[in-house]
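Chains as they are written, first to last, in the numbering used here: chain A, 1 to 379; chain B, 1001 to 1093. Each residue gets a CB set at the ideal place from its N, CA and C atoms; glycine is no exception. Down below is the structure, laid out as structure tokens.
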Amino acid sequence: MTHPAPKNGDTLLFVGTMKGAFIFSSDAERNEWTKHGPYFPGESVYSLAYDERGGKKRTFAATRSFHWGSNVRRSDDFGETWSPQDRMAVRFPEESKLSLTQVWQIMPGPRDEPDIVWAGVEPTALFRSRDGGVTWDAVEGLLKHPHRAQWTPGGGGMCLHTIVPDPSNKNRMVIAMSTGGCYRTDDGGATWRARNVGVRAQFLPNKYPEFGQCVHKIAHNPARNGRLFLQNHWGLYRSDDWGDTWTDIANGVPSDFGFAMQAHPHDPDTVYIVPLQSDEFRCTPEAKLRVFRTRNAGESWEPLANGLPQEDAYETVLRDAMSADSQKSAGIYFGTRSGKVYGSADSGDSWQNIANALPPVVCVRAAVVGGGTSATNAA
Amino acid sequence: MSIAVVLPRALYPYARGSSTLVIDDPCSTVHEALSAVGKHWPGVLDRVMTEQGEVREHVNVFVGEDSIRFANGLATPVDDGDTIMIVAAVSGG
């Protein structure tokens, strides 16, 4: 098996599947891709991250064996070797009476604190590492949140799947969980407030509760501080005040149900989604695989289909299976439950098939080597 | 006192390559025997039990030919000369 040996400016695409992880490598043009892997064959990899803070070139992978538990692994040589994994690194404290099911999100911390890494996990909790991902501790303020007893699992499990740090304020962070909704801390994690005003809970008698929403993904571009986009279990929303209020932006989409949502790396008004028919038929509408893009912060959406199959495409794109690179002409990528991976090197105007028969794709992360850090939905 | 703990291949790397661990520590239950495993091979115990000390959902533990799920769980007694077998459950996708 070969491993990537990229030079600065090259593009990497990390793909997590139900049966292992793959790394695809290309240059800045992104016309040809080379596949590497599978890494961790047989284990599901729901979260991947790439981190260049502090001068390293570190890949994180959250692995889960169906039988033997979940772990976070690190590689500083693009997958050729991985950190020793004798002990399970992410562990709930005994008094919580909780046990880790799996890690759903790995998020590098502030640029000037390269040893801080965040992890969102199932059952719903946030963990912080202060040593670059070697050891982890649960964030107590969320672990002991008074709402915890009322958070309930969605179809994928009771997971904290989205972490959005405020790059201008280390004390502020938004997280999202299914179900439970969106929460924000303004005091470094000591306390967390539900931030779901205006977000509909279609599946509850009270359609607008304080919390209990099933948020599927939140996208954020740090270039517009405070602006968030939210794909809900039914519903598309935008906030311009770090989640204090949300506005419906489902204007002209075939369905406002879906999972994945990705911010453009350079333009804070541009966001991508892949609508699905409904919660009962979670496939692309009309059997056409289309990405929808807004370039005006949700006032309108346009379908992007050039290079994507438009017949018999009953596809599903899951919540973390979409990403962007930071090349000048932005790359947008997504993977499907049927094991296909598509990429666009022109911000979505045209697409190419990168992989066609992987195991079900659950996570996609893109990065430019020498370009910093692959954040979930940030540049 | 000697109890053998037979591992599945997936756990050999956490037992320094061994397929069978021999427990000499005094122990009268499966829980005590697995705790002894954890003292010497913590990576094995991490994979058999959760951080809350429960056998993982898709792991089966046998004493001889009897599953502890249908006996007294971790309180199932063990005697000198017994063999504990750890097996991945027949499950997955």
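Are any of the Cβ atoms in chain A nearer than 8 Å to that of residue 1020 of chain B?
-> Looking up residue 1020 of chain B in the second sequence gives position 20. Cβ-Cβ to chain A under 8 Å: no for residue 1020 of chain B.
Could you have a look at residue 329 of chain A and say whether DSSP puts it in helix, strand or coil?
-> As a position in the first sequence, residue 329 of chain A is number 329, starting the count at 1. DSSP, read as helix, strand or coil, puts residue 329 of chain A in coil.
Supposed close pair residue 75 of chain A, residue 90 of chain A - CB separation, criterion 8 Å = Position 75 of the first sequence, counted from the start, is the residue given in the question as residue 75 of chain A. Position 90 of the first sequence, counted from the start, is the residue given in the question as residue 90 of chain A. Not quite, the Cβ-Cβ distance comes to about 17 Å (not below 8 Å), so this is no contact.
Three or more beta-carbon pairs under 8 Å between the stretch 1030-1038 of chain B and the stretch 1072-1085 of chain B, yes or no?
-> Result yes; three or more Cβ-Cβ pairs closer than 8 Å.
At a Cβ cut of 8 Å, what residues of the stretch 65-87 of chain A count as close to chain B, listed as they run along the chain?
-> 65, 66, 67, 68, 69, 85, 86 and 87
Burial state of residue 359 of chain A, where buried means 16 or more other Cβ atoms lie within 10 Å = As a first step, residue 359 of chain A is located in the first sequence; it is residue number 359 there, counting from the start. That one is buried.
Bridge partners - residue 281 of chain A, DSSP secondary structure assignment | On the first sequence, position 281 is the one that residue 281 of chain A refers to. Beta bridge pairing from DSSP links residue 281 of chain A with no other residue.
Neighbouring residues, chain A, relative to residue 1046 of chain B (Cβ below 7 Å) = Here residue 1046 of chain B refers to the residue found at position 46 when the second sequence is read from its first residue. Within 7 Å Cβ-Cβ: 69, 87 and 88.
Extent of the continuous alpha helix (DSSP H) to which residue 1042 of chain B belongs = By one-based count along the second sequence, residue 1042 of chain B stands at place 42. Counting along the chain, the alpha helix (DSSP H) containing residue 1042 of chain B begins and ends at 1042-1048.
Pull up the DSSP beta-bridge partners for residue 261 of chain A, would you.
-> Position 261 of the first sequence, counting from 1, holds the residue named residue 261 of chain A. A:273, per the DSSP bridge assignment.
Does the beta carbon of residue 1042 of chain B sit closer than 8 Å to a beta carbon anywhere in chain A?
-> The residue given as residue 1042 of chain B occupies position 42 in the second sequence. With 8 Å as the cut-off, residue 1042 of chain B counts as an interface residue toward chain A.
Of all Cβ atoms in chain B, is any one closer than 8 Å to the Cβ of residue 100 of chain A?
-> Against the first sequence, residue 100 of chain A aligns to sequence position 100. Yes, contact with chain B.
Which ranges does the beta strand (DSSP E) cover as unbroken runs of at least 3 residues, wholly within the stretch 85-117 of chain A, from first to last along the chain?
-> Taking only runs of at least 3 residues, the beta strand (DSSP E) segments lying wholly in the stretch 85-117 of chain A are 102-108.
6 Å CB neighbourhood of residue 167 of chain A in its chain, flanking five on each side removed = Along the first sequence, read from residue 1 onward, the residue named residue 167 of chain A stands at position 167. Around residue 167 of chain A: 222.
Thinking just about the alpha-carbon of each residue, which of A:93, A:234 and A:226 is nearest to the one in residue 201 of chain A?
-> Numbered from its first residue, the first sequence carries residue 201 of chain A at position 201. Minimum Cα distance to residue 201 of chain A is reached at A:234.
Interface positions of the stretch 44-63 of chain A facing chain B (Cβ-Cβ less than 8 Å), listed along the chain | none
Interfacial residues, the stretch 1053-1072 of chain B to chain A, with Cβ spacing under 8 Å = 1054, 1056, 1058 and 1059
Where residue 2 of chain A falls, given that 16 or more other Cβ within 10 Å makes a residue buried = Taking the first sequence and counting its residues from 1, the one referred to as residue 2 of chain A is at position 2. Per the 10 Å Cβ criterion, exposed.
Beta-bridge partners of residue 129 of chain A, as assigned by DSSP | The residue labelled residue 129 of chain A in the question sits at position 129 within the first sequence. DSSP lists A:117 as partners of residue 129 of chain A.
Within 8 Å (strictly less), CB to CB, does residue 1088 of chain B reach chain A?
-> Reading the second sequence from its first residue, position 88 is the one you call residue 1088 of chain B. Under the Cβ criterion of 8 Å, residue 1088 of chain B is counted among the residues facing chain A.
Among A:339, A:321 and A:354, the one whose alpha carbon lies nearest that of residue 365 of chain A = Position 365 of the first sequence, counted from the start, is the residue given in the question as residue 365 of chain A. Comparing Cα-Cα distances from residue 365 of chain A to each of A:339, A:321 and A:354, the minimum goes to A:321.
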